[in-house]
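Chemist: The numbering of the sequence shown is this note's numbering, which starts it at 28 and goes up by one.
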Amino acid sequence: MAIWKQSPQEKKTGPKRFGFLLLPNFSLIAFSSAIEPLRMANWVTGDECYETVLVSHDGEAVASSFGVEILVDCSLSDIPVLDAVFVCGASPIARTGNEAVIGWLRRQNRASIALGGIGTGSYLLARAGLLNNYRATIHWWDIASLKDEFPNTLVTNNLFEIDGARYTCSGGTAAMDMMLFLIGKEHGMDLAASISEQFVYERMRSSEEQQRIPLKARIGASQPKLIEAVTLMEMNIEEPLSTDDLAHHVGISRRHLERLFKKHLQTVPSKYYLDLRLEHARQLLRQSDKTILQIGLACGFSSASYFSTAYRNHYGLTPREERKREPELSPDQNTMGRSVLIRP
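Structural data, given as C-alpha coordinates:
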(Lines of atoms letter the chains of each structure in order from A and count residues from 1; the text may use other names and numbers.)
(Lines give C-alpha, C1' and ligand atoms only; values in the text may rest on other atoms or scores of the structure.)
Protein backbone atom coordinates (compact mmCIF):
# COMPACT_ATOMS: atom_id res chain seq x y z
CA MET A 1 0.00 0.00 0.00
CA ALA A 2 1.35 3.40 -0.99
CA ILE A 3 1.30 5.92 1.86
CA TRP A 4 2.17 9.50 1.03
CA LYS A 5 4.29 11.44 3.51
CA GLN A 6 5.29 15.03 2.98
CA SER A 7 9.01 15.64 3.10
CA PRO A 8 9.96 18.06 5.90
CA GLN A 9 12.15 19.88 3.38
CA GLU A 10 9.29 20.32 0.91
CA LYS A 11 8.33 23.95 0.46
CA LYS A 12 4.77 25.03 0.02
CA THR A 13 4.60 27.06 -3.16
CA GLY A 14 0.85 27.59 -3.30
CA PRO A 15 -1.70 25.67 -5.35
CA LYS A 16 -1.43 25.20 -9.08
CA ARG A 17 -4.47 26.56 -10.87
CA PHE A 18 -5.68 24.36 -13.73
CA GLY A 19 -8.43 25.49 -16.06
CA PHE A 20 -10.67 23.09 -17.97
CA LEU A 21 -12.33 24.50 -21.08
CA LEU A 22 -15.44 22.43 -21.79
CA LEU A 23 -16.63 22.26 -25.39
CA PRO A 24 -20.19 21.07 -26.19
CA ASN A 25 -20.39 17.25 -26.32
CA PHE A 26 -17.17 16.85 -24.31
CA SER A 27 -16.42 13.37 -22.98
CA LEU A 28 -17.63 13.03 -19.41
CA ILE A 29 -15.33 10.10 -18.59
CA ALA A 30 -12.25 11.93 -19.88
CA PHE A 31 -13.16 15.10 -17.97
CA SER A 32 -13.79 13.17 -14.73
CA SER A 33 -10.57 11.19 -15.17
CA ALA A 34 -8.65 14.46 -15.46
CA ILE A 35 -10.22 16.45 -12.66
CA GLU A 36 -10.71 13.81 -9.96
CA PRO A 37 -6.98 13.10 -9.38
CA LEU A 38 -6.50 16.81 -8.63
CA ARG A 39 -9.26 16.77 -6.04
CA MET A 40 -7.85 13.59 -4.53
CA ALA A 41 -4.37 15.13 -4.34
CA ASN A 42 -5.81 17.82 -2.07
CA TRP A 43 -7.64 15.24 0.05
CA VAL A 44 -4.67 12.88 0.47
CA THR A 45 -2.24 15.64 1.40
CA GLY A 46 -4.68 17.65 3.49
CA ASP A 47 -3.44 20.66 1.57
CA GLU A 48 -4.57 22.69 -1.41
CA CYS A 49 -2.18 21.45 -4.06
CA TYR A 50 -4.50 22.29 -6.95
CA GLU A 51 -7.30 24.68 -7.76
CA THR A 52 -9.58 23.86 -10.68
CA VAL A 53 -11.48 26.39 -12.77
CA LEU A 54 -14.21 25.21 -15.14
CA VAL A 55 -14.63 27.39 -18.20
CA SER A 56 -17.03 27.65 -21.12
CA HIS A 57 -17.09 30.03 -24.06
CA ASP A 58 -19.92 32.13 -22.63
CA GLY A 59 -19.99 31.14 -18.96
CA GLU A 60 -23.09 28.98 -19.42
CA ALA A 61 -23.38 25.31 -18.44
CA VAL A 62 -22.08 22.84 -21.02
CA ALA A 63 -23.72 19.53 -21.99
CA SER A 64 -21.47 16.49 -22.15
CA SER A 65 -21.73 13.80 -24.83
CA PHE A 66 -24.15 11.94 -22.53
CA GLY A 67 -26.30 15.01 -22.02
CA VAL A 68 -25.27 15.74 -18.43
CA GLU A 69 -24.77 19.48 -18.00
CA ILE A 70 -21.80 20.79 -16.06
CA LEU A 71 -21.91 24.21 -14.44
CA VAL A 72 -18.81 26.31 -15.00
CA ASP A 73 -17.07 29.01 -12.99
CA CYS A 74 -16.52 31.60 -15.68
CA SER A 75 -16.41 32.51 -19.35
CA LEU A 76 -13.37 33.16 -21.52
CA SER A 77 -13.68 36.88 -20.86
CA ASP A 78 -13.47 36.76 -17.05
CA ILE A 79 -11.16 33.84 -16.39
CA PRO A 80 -8.52 34.19 -13.64
CA VAL A 81 -4.80 33.70 -14.24
CA LEU A 82 -4.04 30.02 -14.81
CA ASP A 83 -0.97 27.82 -14.66
CA ALA A 84 -2.39 25.50 -17.33
CA VAL A 85 -5.54 25.13 -19.37
CA PHE A 86 -6.88 21.85 -20.72
CA VAL A 87 -9.28 21.73 -23.66
CA CYS A 88 -11.89 19.00 -23.19
CA GLY A 89 -12.77 18.31 -26.80
CA ALA A 90 -16.08 17.66 -28.50
CA SER A 91 -17.23 14.36 -29.93
CA PRO A 92 -17.38 14.31 -32.89
CA ILE A 93 -14.64 16.85 -33.60
CA ALA A 94 -15.98 20.31 -34.42
CA ARG A 95 -13.92 21.21 -37.48
CA THR A 96 -15.48 24.61 -38.01
CA GLY A 97 -16.28 27.48 -35.69
CA ASN A 98 -14.51 28.00 -32.36
CA GLU A 99 -12.59 31.00 -33.76
CA ALA A 100 -13.06 32.91 -30.51
CA VAL A 101 -11.74 29.93 -28.53
CA ILE A 102 -8.76 29.59 -30.87
CA GLY A 103 -7.91 33.26 -30.44
CA TRP A 104 -8.18 32.91 -26.67
CA LEU A 105 -5.88 29.86 -26.66
CA ARG A 106 -3.29 31.77 -28.66
CA ARG A 107 -3.40 34.57 -26.10
CA GLN A 108 -2.87 32.03 -23.31
CA ASN A 109 0.16 30.75 -25.17
CA ARG A 110 1.60 34.26 -25.48
CA ALA A 111 1.14 34.58 -21.72
CA SER A 112 3.25 31.41 -21.26
CA ILE A 113 0.35 29.34 -19.95
CA ALA A 114 0.80 25.58 -20.38
CA LEU A 115 -1.75 24.12 -22.80
CA GLY A 116 -3.33 20.69 -22.74
CA GLY A 117 -5.67 18.72 -24.96
CA ILE A 118 -7.87 15.94 -23.61
CA GLY A 119 -9.07 13.60 -26.34
CA THR A 120 -10.21 15.65 -29.32
CA GLY A 121 -9.11 18.81 -27.51
CA SER A 122 -5.76 18.16 -29.16
CA TYR A 123 -7.38 18.92 -32.51
CA LEU A 124 -8.31 22.45 -31.46
CA LEU A 125 -4.78 23.11 -30.20
CA ALA A 126 -3.40 21.89 -33.52
CA ARG A 127 -5.87 24.02 -35.45
CA ALA A 128 -4.68 27.03 -33.47
CA GLY A 129 -1.10 26.23 -34.53
CA LEU A 130 -0.13 25.53 -30.93
CA LEU A 131 1.15 22.00 -31.51
CA ASN A 132 3.56 22.81 -34.33
CA ASN A 133 6.81 20.89 -33.73
CA TYR A 134 5.43 19.38 -30.53
CA ARG A 135 4.82 15.71 -29.82
CA ALA A 136 1.10 15.21 -29.31
CA THR A 137 -1.52 12.52 -29.29
CA ILE A 138 -5.27 12.17 -29.72
CA HIS A 139 -7.76 9.32 -29.58
CA TRP A 140 -6.68 6.50 -31.90
CA TRP A 141 -9.81 6.98 -34.02
CA ASP A 142 -8.61 10.48 -34.97
CA ILE A 143 -4.85 9.90 -35.29
CA ALA A 144 -4.86 9.49 -39.08
CA SER A 145 -6.81 12.69 -39.70
CA LEU A 146 -4.69 14.70 -37.22
CA LYS A 147 -1.52 13.57 -38.99
CA ASP A 148 -3.01 14.40 -42.36
CA GLU A 149 -4.34 17.86 -41.50
CA PHE A 150 -1.44 19.03 -39.34
CA PRO A 151 1.83 17.66 -40.72
CA ASN A 152 3.86 19.99 -38.48
CA THR A 153 2.51 18.25 -35.37
CA LEU A 154 4.53 15.21 -34.28
CA VAL A 155 1.56 12.89 -33.77
CA THR A 156 2.15 9.66 -31.82
CA ASN A 157 0.03 6.64 -30.94
CA ASN A 158 0.96 6.96 -27.27
CA LEU A 159 -1.43 7.10 -24.36
CA PHE A 160 -0.37 10.64 -23.50
CA GLU A 161 2.40 13.05 -24.37
CA ILE A 162 4.18 15.63 -22.22
CA ASP A 163 6.35 17.85 -24.40
CA GLY A 164 7.48 21.04 -22.72
CA ALA A 165 4.39 23.10 -21.92
CA ARG A 166 2.11 20.89 -24.03
CA TYR A 167 0.10 18.13 -22.38
CA THR A 168 -2.07 15.92 -24.60
CA CYS A 169 -3.78 12.60 -24.02
CA SER A 170 -5.95 10.22 -25.98
CA GLY A 171 -9.01 10.79 -23.81
CA GLY A 172 -10.98 8.30 -21.72
CA THR A 173 -9.08 7.01 -18.70
CA ALA A 174 -5.77 8.07 -20.27
CA ALA A 175 -6.57 11.50 -18.82
CA MET A 176 -6.07 9.99 -15.36
CA ASP A 177 -2.69 8.56 -16.32
CA MET A 178 -1.58 11.94 -17.62
CA MET A 179 -2.74 13.76 -14.49
CA LEU A 180 -1.11 11.21 -12.21
CA PHE A 181 2.14 11.74 -14.11
CA LEU A 182 1.88 15.54 -13.71
CA ILE A 183 1.06 15.19 -10.01
CA GLY A 184 3.98 12.80 -9.54
CA LYS A 185 6.31 15.19 -11.34
CA GLU A 186 5.25 18.04 -9.05
CA HIS A 187 4.79 16.26 -5.71
CA GLY A 188 6.48 12.86 -6.06
CA MET A 189 5.32 9.49 -7.31
CA ASP A 190 4.35 8.36 -3.80
CA LEU A 191 1.47 10.82 -3.88
CA ALA A 192 0.50 9.74 -7.40
CA ALA A 193 0.49 6.11 -6.25
CA SER A 194 -1.66 6.95 -3.22
CA ILE A 195 -4.19 8.69 -5.46
CA SER A 196 -4.19 5.72 -7.81
CA GLU A 197 -4.97 3.39 -4.91
CA GLN A 198 -7.83 5.60 -3.73
CA PHE A 199 -9.45 5.15 -7.15
CA VAL A 200 -8.73 1.39 -7.12
CA TYR A 201 -6.73 2.07 -10.27
CA GLU A 202 -4.64 -1.05 -10.72
CA ARG A 203 -1.55 0.60 -12.15
CA MET A 204 -0.38 3.93 -13.50
CA ARG A 205 0.32 3.57 -17.20
CA SER A 206 3.33 5.26 -18.74
CA SER A 207 3.10 7.77 -21.57
CA GLU A 208 4.72 5.35 -24.03
CA GLU A 209 2.02 2.73 -23.73
CA GLN A 210 -0.13 2.22 -26.80
CA GLN A 211 -3.79 3.20 -26.81
CA ARG A 212 -5.32 0.14 -28.40
CA ILE A 213 -5.48 -3.26 -26.76
CA PRO A 214 -3.15 -5.92 -28.21
CA LEU A 215 -4.19 -7.29 -31.58
CA LYS A 216 -4.59 -10.83 -30.27
CA ALA A 217 -7.22 -9.55 -27.83
CA ARG A 218 -8.97 -7.49 -30.51
CA ILE A 219 -9.32 -10.39 -32.94
CA GLY A 220 -9.81 -13.02 -30.25
CA ALA A 221 -6.96 -15.23 -31.46
CA SER A 222 -3.36 -15.75 -30.45
CA GLN A 223 -2.03 -17.67 -33.47
CA PRO A 224 1.29 -15.91 -34.27
CA LYS A 225 1.11 -16.21 -38.07
CA LEU A 226 -2.45 -14.90 -38.10
CA ILE A 227 -1.51 -11.92 -35.93
CA GLU A 228 1.47 -11.22 -38.18
CA ALA A 229 -0.75 -11.27 -41.28
CA VAL A 230 -3.38 -8.95 -39.77
CA THR A 231 -0.63 -6.57 -38.62
CA LEU A 232 0.66 -6.42 -42.20
CA MET A 233 -2.85 -5.64 -43.41
CA GLU A 234 -3.24 -2.78 -40.94
CA MET A 235 0.14 -1.36 -42.00
CA ASN A 236 -0.66 -1.54 -45.72
CA ILE A 237 -4.05 0.07 -46.21
CA GLU A 238 -3.16 2.44 -49.06
CA GLU A 239 -1.29 -0.19 -51.09
CA PRO A 240 -2.90 -3.53 -50.22
CA LEU A 241 -0.89 -6.72 -50.42
CA SER A 242 -2.23 -9.75 -52.26
CA THR A 243 -3.04 -12.90 -50.32
CA ASP A 244 -0.01 -14.55 -51.91
CA ASP A 245 2.20 -11.66 -50.76
CA LEU A 246 0.82 -11.87 -47.22
CA ALA A 247 1.47 -15.60 -47.08
CA HIS A 248 5.01 -15.08 -48.38
CA HIS A 249 5.78 -12.37 -45.81
CA VAL A 250 4.62 -14.50 -42.87
CA GLY A 251 6.38 -17.59 -44.20
CA ILE A 252 3.48 -19.97 -44.85
CA SER A 253 1.54 -21.15 -47.88
CA ARG A 254 -1.54 -19.36 -49.16
CA ARG A 255 -3.73 -22.37 -48.32
CA HIS A 256 -2.37 -22.44 -44.76
CA LEU A 257 -3.09 -18.72 -44.34
CA GLU A 258 -6.63 -19.15 -45.65
CA ARG A 259 -7.22 -22.03 -43.22
CA LEU A 260 -6.04 -19.86 -40.31
CA PHE A 261 -8.44 -17.05 -41.23
CA LYS A 262 -11.31 -19.49 -41.68
CA LYS A 263 -10.64 -21.22 -38.36
CA HIS A 264 -10.09 -18.16 -36.18
CA LEU A 265 -11.95 -15.32 -37.95
CA GLN A 266 -14.57 -17.22 -39.97
CA THR A 267 -13.65 -15.45 -43.19
CA VAL A 268 -11.03 -15.41 -45.94
CA PRO A 269 -8.01 -13.06 -45.95
CA SER A 270 -9.23 -10.96 -48.88
CA LYS A 271 -12.61 -10.30 -47.24
CA TYR A 272 -11.04 -9.43 -43.89
CA TYR A 273 -8.61 -7.07 -45.62
CA LEU A 274 -11.41 -5.39 -47.57
CA ASP A 275 -13.40 -4.87 -44.37
CA LEU A 276 -10.35 -3.24 -42.72
CA ARG A 277 -9.92 -0.84 -45.64
CA LEU A 278 -13.61 0.05 -45.68
CA GLU A 279 -13.59 0.66 -41.92
CA HIS A 280 -10.65 3.02 -42.38
CA ALA A 281 -12.49 4.74 -45.24
CA ARG A 282 -15.55 5.24 -43.04
CA GLN A 283 -13.37 6.82 -40.39
CA LEU A 284 -11.87 9.24 -42.93
CA LEU A 285 -15.29 10.13 -44.35
CA ARG A 286 -16.45 11.10 -40.88
CA GLN A 287 -13.27 12.69 -39.57
CA SER A 288 -11.44 14.31 -42.49
CA ASP A 289 -12.03 16.90 -45.20
CA LYS A 290 -10.48 14.78 -47.95
CA THR A 291 -12.47 14.28 -51.14
CA ILE A 292 -14.17 10.95 -51.67
CA LEU A 293 -11.68 10.11 -54.42
CA GLN A 294 -8.74 10.93 -52.14
CA ILE A 295 -10.20 8.72 -49.41
CA GLY A 296 -10.74 5.87 -51.84
CA LEU A 297 -7.15 6.07 -53.06
CA ALA A 298 -5.86 6.31 -49.47
CA CYS A 299 -7.67 3.06 -48.71
CA GLY A 300 -6.39 1.13 -51.69
CA PHE A 301 -9.24 1.56 -54.18
CA SER A 302 -8.12 2.29 -57.73
CA SER A 303 -11.16 4.34 -58.73
CA ALA A 304 -14.05 6.26 -57.21
CA SER A 305 -16.60 3.89 -58.76
CA TYR A 306 -14.88 0.80 -57.34
CA PHE A 307 -14.71 2.45 -53.92
CA SER A 308 -18.37 3.51 -54.06
CA THR A 309 -19.58 0.04 -55.07
CA ALA A 310 -17.55 -1.74 -52.38
CA TYR A 311 -18.68 0.76 -49.74
CA ARG A 312 -22.36 0.43 -50.67
CA ASN A 313 -22.16 -3.37 -50.66
CA HIS A 314 -20.66 -3.32 -47.16
CA TYR A 315 -22.53 -0.48 -45.42
CA GLY A 316 -25.71 -0.17 -47.50
CA LEU A 317 -25.03 3.41 -48.59
CA THR A 318 -22.52 5.22 -50.78
CA PRO A 319 -19.56 7.22 -49.45
CA ARG A 320 -21.36 10.42 -50.48
CA GLU A 321 -24.47 9.40 -48.54
CA GLU A 322 -22.30 8.46 -45.55
CA ARG A 323 -20.75 11.90 -45.48
CA LYS A 324 -24.12 13.65 -45.81
CA ARG A 325 -25.55 11.83 -42.82
CA GLU A 326 -22.70 12.98 -40.57
CA PRO A 327 -23.44 16.70 -40.08
CA GLU A 328 -21.93 18.56 -37.15
CA LEU A 329 -24.96 18.86 -34.93
CA SER A 330 -25.66 21.49 -32.34
CA PRO A 331 -25.46 20.31 -28.72
CA ASP A 332 -29.24 20.15 -28.36
CA GLN A 333 -29.57 17.99 -31.50
CA ASN A 334 -26.70 15.56 -31.00
CA THR A 335 -27.52 12.69 -28.63
CA MET A 336 -24.26 10.81 -29.43
CA GLY A 337 -25.72 7.64 -27.95
CA ARG A 338 -26.96 9.09 -24.67
CA SER A 339 -30.20 7.86 -23.17
CA VAL A 340 -33.28 9.41 -24.72
CA LEU A 341 -34.70 9.61 -21.20
CA ILE A 342 -32.05 12.13 -20.20
CA ARG A 343 -32.74 15.71 -21.15
CA PRO A 344 -29.95 18.30 -20.94
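Virtual Cβ for every residue (Gly too), placed ideally from N, Cα, C. In this text the structure is predicted, and so the values were computed from the model without any measurement.
(1) Can you tell me the Cβ-Cβ gap for L50 and A141, rounded? I've got them flagged as a contact below 8 Å.
(2) Can you tell me whether E188 is buried or exposed? The criterion is at least 16 other CB atoms within 10 Å of its CB, across all chains shown.
(3) Apart from the five residues just before and just after T183, which ones in its own chain have a Cβ nearer than 8 Å to its Cβ?
(4) From this set, P119, L109 and I120, which residue's C-alpha is nearest L132's C-alpha?
(5) Just tell me which of K243, I106 and N340 has its CA closest to the CA of I254.
(6) Classify Q237 as buried or exposed, calling it buried when 16 or more other Cβ atoms lie within 10 Å of its own Cβ.
(7) Can you tell me which residues form a DSSP beta bridge with V89?
(8) DSSP state of D272, grouped into three classes?
(9) Would D74 be called buried (16 or more neighbouring beta carbons within 10 Å of its own) or exposed?
(10) Should the region 286-306 be regarded as contacting the region 252-272, the criterion being three or more beta carbon pairs within less than 8 Å?
(11) Could you name the residues of the same chain whose beta carbon sits closer than 6 Å to that of E235, not counting the 5 residues immediately before and after it, in chain order?
(12) By alpha-carbon positions, which one of S91, S335, L207 and D169 ends up nearest to E63?
(13) Mapping the DSSP letters down to three states, classify Q238 as helix, strand or coil.
(14) Opposite C115 in the DSSP bridges: which residues?
(15) Are the region 312-322 and the region 340-351 touching, with three or more C-beta to C-beta distances below 8 Å?
(16) Starting from the C-beta of A57, find all residues in its chain whose C-beta is less than 6 Å away, skip the five residues before and the five after it, and write them out in chain order.
(17) Which of the three DSSP states is assigned to R232 in this structure?
(18) What does DSSP give as the partner residues of D190 in its beta bridges?
(19) Using a 10 Å radius around the Cβ and a threshold of 16 neighbouring Cβ atoms, would you call A308 buried or exposed?
(20) By how many angstroms is the C-alpha of I240 removed from the C-alpha of D204?
(21) Enumerate in chain order the residues of its own chain whose CB-to-CB distance from H291 is below 8 Å, with the five nearest sequence positions on each side excluded.
(22) Distance, Cα to Cα, P42 vs V99?
(23) Check the C-beta distance from N159 over to N136 and give it rounded, since I have them as a contact under 8 Å.
(24) Put Y77 into one of helix, strand or coil per three-state DSSP.
(25) Buried or exposed for A127, please, with buried defined as at least 16 other CB atoms from any protein chain shown within 10 angstroms of its CB.
(26) With 16 other CB atoms within 10 Å as the buried threshold, where does T195 fall?
Modeler: For this structure:
(1) Looking up residue 50 in the sequence shown gives position 23. Looking up residue 141 in the sequence shown gives position 114. About 19 Å separates the two Cβ atoms, so there is no contact after all.
(2) Here the question's residue 188 lines up with position 161 in the sequence shown. The residue is buried, with at least 16 neighbouring Cβ atoms inside 10 Å.
(3) Sequence index remark: in the sequence shown, residue 183 carries index 156 (1-based). Hits under 8 Å: R162, A163 and T164.
(4) Residue 132 sits at position 105 when you count from the first residue of the sequence shown. With distances taken between Cα atoms, L132 lies closest to L109.
(5) Stepping through the sequence shown from its first residue, residue 254 is reached at position 227. Comparing Cα positions, the closest option is K243.
(6) Translated into the one-based positions of the sequence shown, residue 237 becomes position 210. When all chains shown are included, Q237 counts as exposed.
(7) Here residue 89 refers to the residue found at position 62 of the sequence shown. Beta bridge pairing from DSSP links V89 with I97.
(8) Residue mapping note: residue 272 aligns to position 245 of the sequence shown, counting from 1. Under the three-state reduction of DSSP output, D272 falls in the helix class.
(9) Translated into positions along the sequence shown, residue 74 becomes position 47. Classification for D74: exposed.
(10) Of all C-beta pairs linking the region 286-306 to the region 252-272, three or more are shorter than 8 Å, placing the two stretches in contact.
(11) Here residue 235 corresponds to residue number 208 of the sequence shown, with the count starting at 1. Close CB contacts of E235 within its chain, under the 6 Å cut and outside five residues either way in sequence, are with N185 (chain order).
(12) Position 36 of the sequence shown, counting from 1, holds the residue named residue 63. For the residues S91, S335, L207 and D169, the minimum Cα distance to E63 belongs to L207.
(13) Along the sequence shown, one-based indexing puts residue 238 at 211. Annotated three-state conformation of Q238 is coil, per DSSP.
(14) Within the sequence shown, the letter at position 88 stands for residue 115. The partner list for C115 (beta bridge, DSSP) reads L49 and I145.
(15) With the rule of 3 Cβ pairs closer than 8 Å, the region 312-322 counts as touching the region 340-351.
(16) Working through the sequence shown from its first residue, we reach residue 57 at position 30. Here the set comprises I145, G146, G198, G199 and A202.
(17) Walking along the sequence shown from the start, residue 232 turns up at place 205. DSSP places R232 in coil when its eight states are reduced to three.
(18) Position 163 of the sequence shown, counting from 1, holds the residue named residue 190. Per DSSP, R193.
(19) Within the sequence shown, residue 308 is the residue found at index 281, counting from 1. Buried is the call here.
(20) The count along the sequence shown starts at 1 and reaches residue 204 at position 177. The count along the sequence shown starts at 1 and reaches residue 240 at position 213. C-alpha separation (whole angstroms): 16 Å.
(21) Mapped onto the sequence shown, residue 291 falls at position 264. I246, G247, A248, Q250 and L253, listed in sequence order.
(22) On the sequence shown, residue 42 is found 15 positions in, with the first residue counted as 1. On the sequence shown, residue 99 is found 72 positions in, with the first residue counted as 1. Cα-Cα distance, rounded: 20 Å.
(23) The residue labelled residue 159 in the question sits at position 132 within the sequence shown. The residue labelled residue 136 in the question sits at position 109 within the sequence shown. Going by Cβ atoms, the distance from N159 to N136 rounds to 11 Å, so no, they are not a contact pair.
(24) For the purposes of this step, residue 77 is taken as residue 50 along the sequence shown, with counting starting at 1. Correct three-state label for Y77: strand.
(25) One-based indexing of the sequence shown puts residue 127 at position 100. Of the other Cβ atoms in all chains shown, fewer than 16 fall within 10 Å of the Cβ of A127; this residue is therefore exposed.
(26) Residue numbering aside, residue 195 sits at position 168 when the sequence shown is read from its first letter. For T195, the number of other beta carbons within 10 angstroms of its own is at least 16, and it is reported as buried.
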